Amino acid sequence: MKQPLSKTFMNQAIAAAKRGIRRGQTPFGACIVKQGKIIAAAHNVVWKTTDITAHAEIHAIRLACKKLKAIDLSGCVIYSTCEPCPMCFAACHWARLAKIIYGASIADARKAGFNELVISNPALKRAGKSPVKITGGFMPGENRALFKTWLHSKNHRAY
Numbered sequence: 001m002k003q004p005l006s007k008t009f010m011n012q013a014i015a016a017a018k019r020g021i022r023r024g025q026t027p028f029g030a031c032i033v034k035q036g037k038i039i040a041a042a043h044n045v046v047w048k049t050t051d052i053t054a055h056a057e058i059h060a061i062r063l064a065c066k067k068l069k070a071i072d073l074s075g076c077v078i079y080s081t082c083e084p085c086p087m088c089f090a091a092c093h094w095a096r097l098a099k100i101i102y103g104a105s106i107a108d109a110r111k112a113g114f115n116e117l118v119i120s121n122p123a124l125k126r127a128g129k130s131p132v133k134i135t136g137g138f139m140p141g142e143n144r145a146l147f148k149t150w151l152h153s154k155n156h157r158a159y
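The following block contains the structure:
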């Protein structure tokens, strides 16, 4: 049975990103859901942890694995405010997430000043023959607005 896209879950990812911006982090958030229940919601903590791999999706996957006491997140869906970078896409694949739903694009992140590799999730899926389903451009206006909010914050810094 096909699950409908949920504004509620994307709004949780957006809320996580906004918390991150307020805490001096970057404008990325993610929410992992299983059977209609939120398992984890997180924002990027790259600057807080001085860990360049501490993207929102990675942080949310770590929290979900800990909560479920498993590394296999089969049946889970991740809502991400921005198209996952290649590292985050690979983590979603390795965690066996069923679906990635994202708002803004990698191109949007590049426009905001992030050092993104211009490799789309569909291209990664094809190249790696990944079974993960991808839905992009969900609530794009709300997700792109996070970049504007972040760019207007006094301590914004990209990586």
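Under my numbering, the letters of the sequence shown match residues 1 to 159, in that order.
Where a beta carbon is used, it is the ideal one built from N, C-alpha and C, also for glycine.
This one's a predicted model, so the numbers in the text were calculated from it and none came from an experiment.
With which residues is residue i paired in a DSSP beta bridge?
{"i": "residue 133", "result": "99"}
{"i": "residue 32", "result": "40 and 78"}
{"i": "residue 60", "result": "Residue 60 pairs with nothing; no bridge assigned."}
Is DSSP giving residue i helix, strand or coil here?
{"i": "residue 37", "result": "strand"}
{"i": "residue 43", "result": "strand"}
{"i": "residue 158", "result": "coil"}
{"i": "residue 104", "result": "strand"}
{"i": "residue 23", "result": "coil"}
{"i": "residue 54", "result": "coil"}
{"i": "residue 14", "result": "helix"}
{"i": "residue 226", "result": "Examination of residue 226 is not possible in this model, given that the chain is present from 1 through 159 alone."}
{"i": "residue 65", "result": "helix"}
{"i": "residue 89", "result": "helix"}
{"i": "residue 9", "result": "helix"}
{"i": "residue 84", "result": "coil"}
Apart from the five residues just before and just after residue i, which ones in its own chain have a Cβ nearer than 7 Å to its Cβ?
{"i": "residue 1", "result": "Residue confidence for residue 1 is low, a pLDDT of 41 falling below 50, so the modelled location carries little weight and cannot support an answer."}
{"i": "residue 128", "result": "93"}
Kindly list the residues whose CB is nearer than 6 Å to the CB of residue i, restricted to its own chain and excluding five residues on each side of it in sequence; keep chain order.
{"i": "residue 161", "result": "Residue numbering for the chain in the displayed model covers 1 to 159; residue 161 lies beyond these limits and cannot be assessed."}
{"i": "residue 158", "result": "113 and 114"}
{"i": "residue 32", "result": "39, 40, 60, 64, 76 and 78"}
{"i": "residue 17", "result": "27, 28, 29, 43, 81 and 146"}
With distance defined between alpha-carbon atoms, name the residue in the options nearest to residue i.
{"i": "residue 38", "options": "50, 28, 82 and 75", "result": "75"}
{"i": "residue 93", "options": "107, 122 and 116", "result": "122"}
{"i": "residue 36", "options": "17, 5 and 145", "result": "5"}
{"i": "residue 132", "options": "88, 22 and 49", "result": "88"}
{"i": "residue 136", "options": "142, 100, 119 and 117", "result": "100"}
{"i": "residue 53", "options": "116, 127 and 98", "result": "116"}
{"i": "residue 56", "options": "20, 66, 141 and 70", "result": "20"}
{"i": "residue 155", "options": "24, 130 and 47", "result": "24"}
{"i": "residue 111", "options": "151, 49, 69 and 129", "result": "151"}
{"i": "residue 119", "options": "68, 70 and 84", "result": "84"}
{"i": "residue 98", "options": "73, 142, 90 and 153", "result": "73"}
Excluding the 5 residues flanking residue i on each side, which residues of the same chain have their C-beta closer than 8 Å to its C-beta?
{"i": "residue 144", "result": "103, 104 and 108"}
{"i": "residue 141", "result": "none"}
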